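Residues in the sequence shown are numbered consecutively from 0, following numbering that gives the first Met the number 0.
Reviewing the structure listed below.
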Amino acid sequence: MSSPEVATPTAEAVPMPVTPAPVESAPKKDKKDKPRSLWTDAWYELRRKPLFVISAILIMIFVLMAAFPSLFSSVDPAAADLNRSLTKPDFGAWFQFGKGGQFGYNVQGQDIYARTIYGARASIVVGLSAVIGNMLLGGFFGILSGYLGGWTDTLLARFGDIFLGLPFVLGALVILSTFAPVQSNPSAFRITSLVIITFIALGWPSFARIMRAAVLSTKQLDYVHAAQALGARPGRVVFRHVLPNSVAPMVVVGTITLGAYIGAEATLSFLGVGLREPVVSWGIMIGQSRQFMEAAPYMMAFPAAFLAIAVLSFVMLGDAVRDALDPKLR
Numbered sequence: 000m001s002s003p004e005v006a007t008p009t010a011e012a013v014p015m016p017v018t019p020a021p022v023e024s025a026p027k028k029d030k031k032d033k034p035r036s037l038w039t040d041a042w043y044e045l046r047r048k049p050l051f052v053i054s055a056i057l058i059m060i061f062v063l064m065a066a067f068p069s070l071f072s073s074v075d076p077a078a079a080d081l082n083r084s085l086t087k088p089d090f091g092a093w094f095q096f097g098k099g100g101q102f103g104y105n106v107q108g109q110d111i112y113a114r115t116i117y118g119a120r121a122s123i124v125v126g127l128s129a130v131i132g133n134m135l136l137g138g139f140f141g142i143l144s145g146y147l148g149g150w151t152d153t154l155l156a157r158f159g160d161i162f163l164g165l166p167f168v169l170g171a172l173v174i175l176s177t178f179a180p181v182q183s184n185p186s187a188f189r190i191t192s193l194v195i196i197t198f199i200a201l202g203w204p205s206f207a208r209i210m211r212a213a214v215l216s217t218k219q220l221d222y223v224h225a226a227q228a229l230g231a232r233p234g235r236v237v238f239r240h241v242l243p244n245s246v247a248p249m250v251v252v253g254t255i256t257l258g259a260y261i262g263a264e265a266t267l268s269f270l271g272v273g274l275r276e277p278v279v280s281w282g283i284m285i286g287q288s289r290q291f292m293e294a295a296p297y298m299m300a301f302p303a304a305f306l307a308i309a310v311l312s313f314v315m316l317g318d319a320v321r322d323a324l325d326p327k328l329r
């Protein structure tokens, strides 16, 4: 008789401690991953463009010349010494600040270098003031025309066509010769203000058309319709949503036009209907030197070179800003 099998007790399975899986923390957002505005994104693009860096440096130099001419020359641009009439440039004086004569002397014995430095002020002031005035006036009418539409758009468009139909140089000649004849002797403030007002009167329709086209495109976007549906007032919609997203084309055109206005001021001054003495400008200097092209070509060479570099700098800056603000050109 077999002995019964004795069941051996089995140890209960002891549960092993479970190590909790490490909880991965949410990745921190880098500052570079934050959404950037149009202008911030454009600034990142501009800093990598040699064209922008070169033009910005040149413009900063011209602005310093216009604001603080004494940093570049200690000679009075109006001081005349007939004993130095038509004296040729003294290249040895380029490293001697305050001596003068680096660019020679004109027929009245005035230092051409000092007059070239001080001439930047009138040209920059006229160009910058005209562009700012055109952006304000043209932008205002462009917003009204594009946002309101209807009869307001038609009326403002026809009113702007009156000025657009007149050629710029011809219109400037008519206005300046009427309010400041060649025989008259207006003050420096009067003739400078008149030239600026003339440029604004003839240039605002172009800026208005650019702003109108930008507003027409922007006001059809979803976020503008959403703001209107939520009951936002027209003023808030315009200044909060429409204007910030429509001003970029105006900035590009204004930058390029600033160089064109500097050239236009020089052209009118050369013809004798723009800026006049006692104002010192590059255009006046070029106009005074046309009778001495053979005897003293340096009288025209130096102010003309500064004028060309200034105009080219603003045009280059405008091209760089346009490429940075337009995503299709990146």
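Built from N, CA and C at the ideal position, the CB exists for glycine as well.
Just so you know, these numbers come straight off a predicted model, no measurement behind them.
About 6 Å separates the Cβ atoms of L274 and A121, confirming a contact at the 8 Å cut-off. Note: Y104 is bridge-paired with D110 in the DSSP secondary-structure output. Under the criterion of beta carbons closer than 8 Å, V272 and V181 qualify as touching, at roughly 6 Å. Assignment of L143 by DSSP, reduced to helix, strand and coil, places it in the helix class. Beyond the five residues adjoining it in sequence on each side, S144 comes within less than 6 Å, by CB distance, of D152, L155 and R211 in the same chain, given in chain order. By alpha-carbon distance to G164, the top candidate from F178, F188, S205 and I196 is S205.
Annotated three-state conformation of F198 is helix, per DSSP. Per DSSP, T86 is not a residue of any alpha helix (DSSP H), being assigned neither H nor E. S312: member of the alpha helix (DSSP H) spanning Y297 to L324, first to last residue. Rounded to whole angstroms, A200 and L57 show a C-alpha spacing of 29 Å. L175 carries a helical assignment under DSSP once its states are collapsed to helix, strand and coil. Restricting attention to alpha helix (DSSP H) runs no shorter than 4 residues, the region 184-269 encloses them at 187-217, 221-228 and 233-236, ordered along the chain. Of the residues T256, G99, G159 and I285, the one whose Cα lies closest to the Cα of S268 is I285. Excluding its 5 nearest sequence neighbours in each direction, I190 has C-beta neighbours in its own chain below 7 Å: A179, L274, R275 and V278, listed in chain order. For the pair M292 and I111, the Cα-to-Cα distance works out to about 15 Å. F102 and A304 have their C-alpha atoms roughly 12 Å apart. For K87 and L311, the gap between their C-alpha atoms comes out near 28 Å. For L57, the enclosing alpha helix (DSSP H) stretches over residues P49 to A66. In the structure shown, L165 falls within a coil segment according to DSSP collapsed to helix, strand and coil.
Take A119, set aside five residues on each side of it, and the residues of its chain with a beta-carbon closer than 6 Å to its own are F61, M64 and A65, in chain order. DSSP places M292 outside both helix and strand once states are collapsed to three, so it counts as coil. In the structure shown, E44 adopts helical secondary structure according to DSSP, grouped into three states. By the Cβ-count criterion, T115 is buried, with 16 or more other Cβ atoms from all chains shown falling within 10 Å of its own Cβ.
Between G282 and A309, the C-beta spacing is not below 8 Å. In the structure shown, D160 adopts helical secondary structure according to DSSP, grouped into three states. In the three-state reduction of the DSSP assignment, L274 falls in the coil class.
Within the same chain, and ignoring the five residues on either side of M315 in sequence, the residues whose Cβ sits closer than 6 Å to its Cβ are L50 and S54. Under the three-state reduction of DSSP, G138 is assigned to helix. In this structure, the CA atom of R47 is about 31 Å from the CA atom of V125.
For G282, the enclosing alpha helix (DSSP H) stretches over residues W281 to Q287. Between A247 and L324, the gap from beta carbon to beta carbon is short of 8 Å.
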